[in-house]
Amino acid sequence: METLAALAHGFGVALTPINLVFAFVGAVLGTTVGILPGVGPALTVALLLPVTYNLAPTASFIMFAGVYYGAMYGGSTTSILINTPGESASIITAVEGYQMARRGRGAAALATAAVGSFVAGTLATIGLTFLAPLLVSVALSFGPAEYFCLMLLAFTTVSAVLGESRLRGIMSLLLGLALGLVGIDTQTGQARFTFGIPALLDGVGMVLVVVGLFAVGETLYVASHESDGGTEVAPIRGSVWMTREEWRRSWKPWLRGTLLGFPIGALPAGGAEIPTFLSYLTEKRLSAHPEEFGKGAIEGVAGPEAANNAAAAGVLAPLLTLGLPTSATAAILLAAFQGYGLQPGPLLFERSPDLVWGVIASLYIGNVMLLILNLPLAPLWVRLLAIPRPWLYGGIMVFALLGAYAVNGSTADLVILVVIGLLGYVMRVYDFPVAPVLVGMILGPLAEQQLRRALAISRGDPSVFLTRPIAAGLLAVTAAVLVAPALVKLLRRGLTPRHTPPAP
Amino acid sequence: MRASGGAFAVAVGVVGLGLFLLLGARGIAGDAPYAGVGPRAFPILVGGALVLAGGALLLRVLRGRAFPEPPRAERPALAWILSGLILAVLLFQPLGFAPSAAIAFVLTARGFGARRWGRGLVLGLALGLAVYLVFSRALGVSLPGGPLDWR
Amino acid sequence: MLRPTTAFIALLSVILAGTFSAFAEPLPSLKILVPANPGGGWDQTGRAVEQALRAEKLVTGAIRLSNRGGAGGTIGLAEFAKSKGEGGSLMVMGLVMVGAILTNKSPVTLESVTPIARLTSEYLVIAVPESSKIRTLRDFTEALKKDPGAVAIAGGSRGGSDHILAALVAEAVGAPPAKVNYVAYAGGGEAVASLLGAQVVAGISGYGEFQAHIESKKLRALALSAPARIPGINVPTLKEQGVNVEFGNWRGVVAPEGTSAANRKALLDTVDSMVKSASWKAELRKQNWEDAYLAGDAYARFIRAENERIGAVLKGVGLVK
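Chains as they are written, first to last, in our numbering: chain A, 12 to 515; chain B, 53 to 203; chain C, 94 to 414.
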């Protein structure tokens, strides 16, 4: 129970009044900035980095913990209310969350996101406290072959977000894959499809695509096709809070989302998006109401939101135990550690126990604070929708410009934003689903690079995907996911007695 | 149902994008001494799939059963918002963040039917200025200040 | 290139300044451009410079640091070269930018900026997982000579410092650099993870990134790319093991194109006072960087020499035609 004693000590460090103030300030800042489209956790932490140079390390990391988790909480708010994800891990949240908001259940969607984030964040922090070294040693057995198979599994998610026409959904996916090809190819170092434009060498920015397809595309569409306001987002209908039914349907997705998010987040090349995809697919497959998916199923918000917060905690496992930054945000946190002359890794726990356990304790505190902060805010945020539409969408445009420009400080990015916004508009007009574009864009480059790395290491021998147990296992699960629905249909048909009248 | 011109254009666009990837892949040096799968493989795969999918869509469009006819767009609304965005992008560096954000704000609001220009301008400028001050001055994001850049 | 007259005036002013005043006038204000996103080595260098200048009060007014990432720093470079640095403006750069300019065929090169000073260098280390059969540098080079394809080496982006060292070592021991089975990873963390998990045979990285794992005996360091042993680092150099390669991932600062002689001198003086300050020494210790101070014209010559050397390596591995 050494860990418990150390954790108790950590709480002793974190629970001083001044540190609580820092945790609170971090939570507020993180939530506020995280809400803005295009301004995600990585940028938020980077922005606040200089602010903390004048603070003691413990205080500043406690604040960062609040910012980091807070930005993850905040990212879902605009996804749900105005179909504009704050960051790429909230894309899937927009799919069901926005539909819920349109049906007047926006506050419930925000609540299930907040409570789910709290549950997942807390469970994952417990996991981080007790399982981090074990988890990390398993994570290291993931090589390129395993990652490639994990990406294949994640690709099956697309089947759940294809929308009404399979052909159009696949085209959206292919478009995302094509966008993902732009930029320098890591393995050969040469540029592909950059047209000699330097701004494209690092690829088309994720933030630009998210903000362009969602915020700009949505605004153009709403203005030109829903000007009568007939399909306007409904004000709150029914209870402000989650109903008993909504609680009942949420708790299992929260737990499943956590189980997916934490370990995948802890993988050095896992990330926070993949678990949200997998969680969404899982919930759609397991739901008793699969027909509600795409029309505002609460499970589709609860699961992915839990998954992305659990992944955020998972990312800290390799960072604290090995000093490995595995996300943009983690890289900035690592820089912050180094700015204080601290080297995260196996020795950090021995050399600076106060700091490490203080940070871990503050993650628990930050989660509680964020829940307290966000639950009462849910109905308030919904009031955003009461802003007259011209001003609301005008404001969205201002933040879209800010988000697109702030990442790289480049006017060329603004041009790309407008082009992608137009693309998003055309896709909406012709009823192409938008989410598969982002699935393709996130997974495509990862899958390609991992495949080529795996084959370079095996010198072109594709059997690595079958001879390595984890890779083979993931392939088997992928096959099962693809075949299962057909199999279930077949079984049902076989089991149904012949004389039952056919369904109308 | 009559084949819609827009749907036809979309299908041709998809095929075109696929062909573009296929052609572009020829310009990529294909060295992958050990992996076997080189930097050309994925562009060819994606390009080929796009051509096939676009071709399938084209067939459906020609048979007149690809899309439900999209509802008529209100062109003026679209024009207002797009011109707002384009103006904002063009004037971003010379005028600075706040004024160009205000332009995007006002013209977007106009696209949504707001006719009170003055009020929109005041709101847009206030928002743009607030965002500029918070992000540029307090958080150190480098946003172009335009006339505000007195440092 | 500095024109002879400009160079002469600059030289003269340096001499005059050295004669008349030992102390630099504080700069009125300073802008620091980091041509990379927050979190990496350039960002840390920029912030360390900012910290040291602040602590030593070498700039009277504001110091503003901004990030402009992309394409190995060439996007930041293109913007910076054109900018007019009134008051004073510096951009962080280094070896990686030299390589990126060549591989990305950047239209703007380091010839269009005014070199101020090289500040730090970080030596690279070749390491293997503790469980590896390869126990010495000799084992490694023998394996590389026998069958380069069997020695998968993990590191950062292709054409970056890690890859260049791999090519230099291969060449020195007589293995064709183009045949090195180099597996590129985008982020430092991922490359370290693949080495810790023994997914690859060997890995190359800045010593700092492997340090904790070498000290905790998860990785075995085979060789350091330094010219001589570094105090406090118990790893033999490539040279003392018979591989004639020395290579540092150096970082420094430059001023925009057309910086006036007076402005250049002010920047040189400020950086000179900073480098000699206790605050800067503390920053170096904190980040585990080697002091590699080299200023002015000597630095410009060094950049040109590196450009030649890196260009030859990149041609050898087929990245530059």
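Built from N, CA and C at the ideal position, the CB exists for glycine as well.
For M452 of chain A, the uninterrupted alpha helix (DSSP H) run begins and ends at A446 to I468, by DSSP. Beta-carbon to beta-carbon, V227 of chain A and L66 of chain A are separated by about 38 Å, too far to satisfy the 8 Å threshold. Counting only runs of 3+ residues, no beta strand (DSSP E) is found wholly inside the stretch 213 to 242 of chain C.
Taking a Cβ-Cβ threshold of 7 Å, the residues of chain C close to Y86 of chain B are G242 and N274, in chain order.
A straight-line Cα-Cα distance of about 14 Å links Q460 of chain A and R203 of chain A. Nearest to A135 of chain A by alpha-carbon distance, out of A:M74, A:L188 and A:I275, is A:I275.
For the pair G414 of chain A and G187 of chain A, the CB atoms are not nearer than the 8 Å cut-off. Taking a beta-carbon distance threshold of 8 Å, I275 of chain A does not count as an interface residue toward chain B.
When CB distances to chain A are screened at a threshold of 8 Å, the residues of the stretch 173 to 184 of chain B falling below it are L175, G176, L179, G180 and V183, in chain order.
A397 of chain A and N319 of chain A have their C-alpha atoms roughly 29 Å apart. Here Y386 of chain C is actually not in contact with P208 of chain C; their C-beta atoms are around 13 Å apart, not less than 8 Å. Note on the stretch 274 to 300 of chain C: whole beta strand (DSSP E) runs with a minimum of 3 residues are 275 to 277 and 295 to 299, in chain order. Under the DSSP definition of a beta bridge, M186 of chain C partners with C:G345.
At a beta-carbon threshold of 8 Å, none of the residues of chain C lie near R203 of chain A; the nearest stands roughly 13 Å away.
Contacts with chain A at 8 Å (Cβ-Cβ) include L69 of chain B.
Of the residues assessed, K150 of chain C falls on the exposed side of the cut-off, its CB having fewer than 16 other CB atoms within 10 angstroms.
Between the C-alpha atoms of G37 of chain A and T55 of chain A there is a straight-line separation of about 10 Å. Going by DSSP, R439 of chain A is part of the alpha helix (DSSP H) stretching over T422 to V440. If you check the CB distance, L288 of chain C and I219 of chain C do not come in under 8 Å. The beta-carbon of G252 of chain C is placed no less than 8 Å from the nearest beta-carbon of chain B. Here G180 of chain A really is in contact with P447 of chain A; their C-beta atoms are around 5 Å apart, less than 8 Å. Under the 8 Å Cβ criterion, the stretch 158 to 166 of chain C counts as touching the stretch 181 to 193 of chain C, having at least three qualifying pairs.
Around the CB of D136 of chain C, 16 or more other CB atoms lie within 10 Å, so the residue is classed as buried. In the three-state DSSP reduction, G107 of chain B falls in the helix class (H, G or I).
In the DSSP annotation of this structure, A125 of chain B is not part of any beta strand (DSSP E), being labelled neither H nor E. Close partners of R470 of chain A in chain B (Cβ separation under 7 Å): Y86.
Every unbroken stretch of the alpha helix (DSSP H) spanning 4 or more residues and falling wholly within the stretch 128 to 165 of chain C is given here in chain order: 134 to 148.
Residues S183, L224, F225, G228, G435, M438 and R439 of the same chain have their beta carbon placed closer than 8 Å to that of V445 of chain A, with the five preceding and five following residues left out of the count.
For T332 of chain A, no CB of chain C lies under 8 Å from its own CB, so it is not counted at the interface with that chain. The straight-line gap separating the alpha-carbon atoms of A279 of chain C and I195 of chain A is approximately 11 Å. L237 of chain C is positioned such that its CB atom lies closer than 8 Å to that of V266 of chain C. Annotation: D83 of chain B is outside any alpha helix (DSSP H) and is labelled neither H nor E by DSSP.
For S159 of chain C, the closest Cβ of chain B is nearer than 8 Å.
Below the 9 Å Cβ cutoff, chain B contributes no neighbours of G248 of chain C, its closest Cβ being approximately 15 Å away.
In this structure the stretch 469 to 483 of chain A lies against the stretch 155 to 168 of chain A, because at least three pairs of beta carbons, one per stretch, are closer than 8 Å. A straight line joining the alpha-carbon of N160 of chain C with that of T42 of chain A spans about 23 Å.
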